[in-house]
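Note that the sequence shown covers residues 28 to 177 in the numbering used here. Glycine is no exception: its CB is placed at the ideal position from the N, C-alpha and C atoms. These notes are about the structure you will find just below.
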Amino acid sequence: MTKVLYPGSFDPMTKGHMNIVEQASDLFDEVIIAIMQNPLKKSRLFTLEERMEIIKELYQGMNNVRVISASGAAVDVALLHECKAIIRGFRSLSDYDYEVQLQQMNKEISNNKINTICLFADKEYQFVSSSMVKEVLNLDKNISKYVDQL
Ligand code: ADP
28 MTKVLYPGSF DPMTKGHMNI VEQASDLFDE VIIAIMQNPL KKSRLFTLEE RMEIIKELYQ
88 GMNNVRVISA SGAAVDVALL HECKAIIRGF RSLSDYDYEV QLQQMNKEIS NNKINTICLF
148 ADKEYQFVSS SMVKEVLNLD KNISKYVDQL
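This is how it looks when you write it as structure tokens:
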């Protein structure tokens, strides 16, 4: 039984995130979406509780996807839930630098116990990001193309 953790802010969860969850749930026995409380991320659309409610509802029909909220290091959450690896979504080269640093750091702070698997966004989601959605929403424009729940 291979369990993986998909951690992120998901503020909001976009169709790009959902594309990664779909791919991961096809590949692994169980995907745990971990909505992370990140005090360093200031620009917030939803509280942790609101994100939890929205994302749980999105996945209530999928029996190999579980939604949790957590704080602290994603690798500790992965170890706690007996996950083999962390899943990250990869859009384009601009994600590369950050994701490489993150996976190296996660490997180190977990004493090589937690590896990272990158899945690639399908091309229609390559330019979708939570921060862009927040900006479009701020302009009072329709975001239903990028987000399922709003
Ligand atoms: P974080 O604050 O950890 O970066 P995010 O919620 O912004 O959290 O993103 C979580 C993960 O989902 C990251 O690996 C990010 O690269 C990935 N991701 C974000 N948007 C997309 C997208 N449109 N397609 C694929 N992956 C994405």
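Check: Residues near A61 by beta carbon distance below 6 Å, same chain, minus five either side; Outcome: L32, P34, I95, A97, V104
Check: CB contact flag (F73, D124, <8 Å); Outcome: no
Check: Contact under 8 Å by Cβ, M40 with A101; Outcome: no
Check: T143 - partner residues in DSSP beta bridges; Outcome: I113
Check: Touch test, the region 157-169 against the region 107-126, Cβ-Cβ under 8 Å, three pairs minimum; Outcome: no
Check: A61 Cβ short of 7 Å to the ligand ADP heavy atom set; Outcome: no
Check: Burial state of S36, where buried means 16 or more other Cβ atoms lie within 10 Å; Outcome: buried
Check: Inter-residue spacing [alpha-carbon to alpha-carbon] between G88 and N133; Outcome: 31 Å
Check: Distance CB(I59)-CB(R115) smaller than 8 Å; Outcome: no
Check: Heavy atom of the ligand ADP within 7 Å of S119 beta-carbon; Outcome: no
Check: Start-end ranges of the alpha helix (DSSP H) lying completely within the region 71-104, minimum 4 residues; Outcome: 75-85
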